[in-house]
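Written below as structure tokens is the structure these notes are about.
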Amino acid sequence: MLLLSHLSRVPKKVALISTHYYAFPTLLKVVCSYSGKINKLFGKSKRGTRYLKVIFHDFPGGAESFEIITRFCYNKGKIEINPVNVSTLYCAASYMEMEKSVSGNENLFELTEKSLEDIRYWTWSELLDALRLCQNLMPVASSSGVIDKYLDSLIGRVASSCETSPCPSTSSADSSGLRLSCDSKSTESLRNSVFRATWWFEDLAAFEPFLIETLVKQMVTKNLDHGILSKFLFYYQKARFSVAKTMDEKCKTMETVIEMLYLLDLSCISFKTLFGMLRVTLNLKISKCSRNELESMIGSQLDQASLDNLLLPSPVRSSYLYDVNLVLRLLKSFISKGVCCIPLTRLRKVASLMDLYIAEVAPDPCLKPSKFLALVRVLPESARDSFDAIYHATVMYLEVHSGLSEEEKMKVCSGLSYEKLSSGACRHLAQNKKFPLKSAGQALITQQVKLKNLLQETNQASPYLDSPCSFVDTENPGNEDQQIVLYAGKLDLSTENEKLKEHLQGMQWRVLELEKACRKMQNQMAKMLKSRVSSHNSARSLPRLCS
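Residue numbers (UniProt numbering): 1 to 547.
Shown next as structure tokens:
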């Protein structure tokens, strides 16, 4: 803050005390002839005014900058302009409205603009110093456009240095002798090309986040390589974190980096590094918007993740072991554009990953049934060819959570697709006492339907067979009404149809074996139901016996 006051009894000179300037009649008259802002404030003031003051808030460059302006006015508009002070003079002239001279004096704003036309002749260090100085001249440095001038020059130099000339190709036979020497220099050439693309990282890592935000946005509009920009942002985040003194500084840096990464092509961003940033943000209180953007970038590439990436610890004061809610948000981001828009190979890859994750979190005693079911159902049923892995995870979950009610168990089992369970899994489910009775019965019914459909397909596959051949279950002679009828009749025994006949007969016997297995399972299930009912009745009658 600058305080400019008019005191009539003080000597006619400029006295500098801290950030307060005491300006006297002669000074006011001189400054008014150059500054439109001062002229508006004091130009019509009366001479007899004893106290007259104006307070400047956020004067660009503070007291030192104001002193340079007053010296310019006292020297009759003469001052040496160079890369060191041009930023201060330009911003101060803009703030003091010195674009037009009040009394026909030298126009400081025009003088600085002419000096800025020579930016292309500045050295790299002079350009960096000017940008660092602009960080202390905000917001005038931004509104006046001087930062844009500097960044435009800086981006042009970075872009020209990143351009690599293609390796010349020669098709003549004489060039074969040069291949050995070219191959020996390939590693060095690669190293040099990487350096040409990243040499500016360290110099720009010292800038404040708001300046980096403006820089990257302009680089994106000028089509700089997104892969290089993403590497720079990752480098910037690590460099700033190493010198950050407060958590607020880290949060601001992380939010800026995430926002800039969100502007880039996701295919050019390292997925591994994104997950590294996600782990860092677990201990930071970044904005919800930034967190959503980071999770969206990761979720859209979830098929590249591994199980270790997903096993993130739960937030502080949470009872469960892993952050299941975070994984659910990532999955929702993955399917946010619609399942129909995702290639089936990617969808099934994520489903396989989720099978591993669900098996890992199922033994957690604090995992609620609703969360377990949400993990199973977040992906569509079409994403899995088999639900055996989900079944085994459900077995583990029910074993750990033995205190669940029958209704809660049914809710957990509702995530299973019985049609996609193997015969072995169905048999295991029917014999598993941890599962509710309705679930076991549903599994058996589903297997029966599958067998009937298979029989129908077998019969439809051989319409040219006209002699029925009956296969009766010899182990259960009382079930003649459930015998399987297959058509294996008059086959043409020619050589070209012999293989087809053998294949059909093998299919018939496999269907017969499946039917026998299903009947065994039904008998076992009936015995289990009877044993459970009898044990339940005996448990009820026990108190009466003891009384």
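Built from N, CA and C at the ideal position, the CB exists for glycine as well.
* May I ask you to report which of helix, strand or coil DSSP gives tyrosine 262? => coil
* To do: Per DSSP, which residues does proline 313 bridge with? Please list them.
  => Tyr322
* To do: Enumerate in chain order the residues of its own chain whose CB-to-CB distance from arginine 291 is below 7 Å, with the five nearest sequence positions on each side excluded.
  => Thr281
* residue 569: buried (16+ other C-beta within 10 angstroms of its C-beta) or exposed? -> Outside the displayed range of the chain (1 to 547) lies residue 569, so it cannot be described from this structure.
* Roughly how far, in whole angstroms, is the beta-carbon of glutamine 218 from the beta-carbon of isoleucine 155, given that I think they are within contact range, below 8 Å? -> 6 Å
* Enumerated in chain order, which unbroken segments of the alpha helix (DSSP H) with a length of 4 residues or greater are wholly contained in the region 67-125? -> 86-95 and 108-116
* To do: Return the CA-CA distance between histidine 428 and phenylalanine 372, expressed in angstroms with no decimal places.
  => Looking at the two C-alpha atoms, the distance is approximately 21 Å.
* Asked: Do histidine 392 and proline 365 come within 8 Å of each other at the CB atom, strictly closer than that value?
  -> no
* Asked: Would you report the Cα separation of threonine 112 and glycine 227, rounded to the nearest angstrom?
  -> Using only the alpha carbons, I get a separation of about 37 Å.
* Asked: For glycine 276, which three-state DSSP category applies?
  -> Here glycine 276 sits in helix by DSSP.
* To do: Give the DSSP-derived three-state secondary structure of aspartate 248 in the structure shown.
  => helix
* When you compare only the Cα positions, how much space is there between valine 216 and tryptophan 124? -> 18 Å
* **CA-to-CA distance, glutamine 431 to methionine 528, given in whole angstroms** => A straight-line Cα-Cα distance of about 8 Å links methionine 528 and glutamine 431.
* Is the beta carbon of leucine 261 sitting closer than 8 Å to the one on methionine 297? -> yes
* **With 16 other Cβ atoms within 10 Å as the buried cut-off, status of alanine 358** => One point to set straight first is that residue 358 is isoleucine, not alanine, in the sequence displayed. Answer is buried; the Cβ neighbour count reaches 16.
* Asked: So, helix, strand or coil for aspartate 225, using DSSP?
  -> coil
* **Own chain partners of glutamate 213 with C-beta closer than 6 Å, once the 5 adjacent residues on each side are dropped** => Thr256
* Asked: Using a C-beta cutoff of 8 Å, does serine 287 count as contacting chain B?
  -> In summary, chain B is missing from the structure at hand, where a single protein chain is found.
* Same chain only: Cβ atoms within 6 Å of residue 552, ignoring 5 sequence neighbours per side -> Residue 552 falls outside the range modelled here, since the chain spans only 1 to 547, and no answer is possible.
* Inter-residue spacing [alpha-carbon to alpha-carbon] between alanine 374 and leucine 328 -> 8 Å
* Asked: Between glutamine 448 and the rest of its own chain, which residues show a CB-CB distance below 7 Å, the 5 nearest in sequence each way excluded?
  -> Non-local C-beta neighbours of glutamine 448 in its own chain, meaning closer than 7 Å and more than five positions away in sequence, comprise Cys518, ordered along the chain.
* Asked: Hey, how far is the Cα of isoleucine 484 from the Cα of lysine 516?
  -> Low local confidence applies: a pLDDT of 41 at isoleucine 484 is under 50, so the model's placement there is unreliable, and no value is given.
* Which of the three DSSP states, helix, strand or coil, is assigned to valine 257? -> helix
* Of all the options Met521, Cys289, Leu294 and Met96, which has the alpha carbon lying nearest to the alpha carbon of asparagine 39? -> Met96
* Asked: Cβ atoms of lysine 433 and phenylalanine 387: under 8 Å apart, would you say?
  -> no
* Closer than 8 Å by C-beta to methionine 525: which residues in its own chain qualify, once you throw out the five before and the five after it? Chain order, please. => Same-chain partners within the cutoff: Ala430, Ala440, Gly441 and Leu444.
* To do: Could you spell out the range, first to last residue, of the alpha helix (DSSP H) harbouring threonine 365?
  => The sequence given here has proline at residue 365, not threonine. It is not in any alpha helix (DSSP H) - proline 365 carries neither H nor E in the DSSP assignment.
* Asked: Candidates Lys332, Leu151, Val361 and Trp122: which alpha carbon is nearest glutamine 135's?
  -> Leu151
* Inter-residue Cα distance where the pair is glycine 415 and arginine 377 -> 6 Å
* Where phenylalanine 334 sits in the DSSP three-state scheme -> helix
* Nearest neighbour of aspartate 303, chosen from Ala206, Asp203 and Ile342 [CA to CA] -> Ile342
* Quick one: Cα of leucine 310 to Cα of valine 395, how far? -> 22 Å
* Asked: In terms of alpha-carbon separation, which member of Gly299, Thr446, Glu406 and Val140 lies closest to proline 369?
  -> Answer by Cα proximity: Glu406.
* **Selection from Phe241, Ser270, Asp308 and Pro363 that minimises the alpha carbon distance to proline 209** => Phe241
* Asked: Which same chain residues, not among the five before or five after glutamine 522, have their C-beta less than 7 Å away from its C-beta?
  -> Leu444
* From what residue to what residue does the alpha helix (DSSP H) around tyrosine 418 run? -> Taken as a continuous stretch (DSSP letters only), tyrosine 418 belongs to no alpha helix (DSSP H), as it is neither H nor E.
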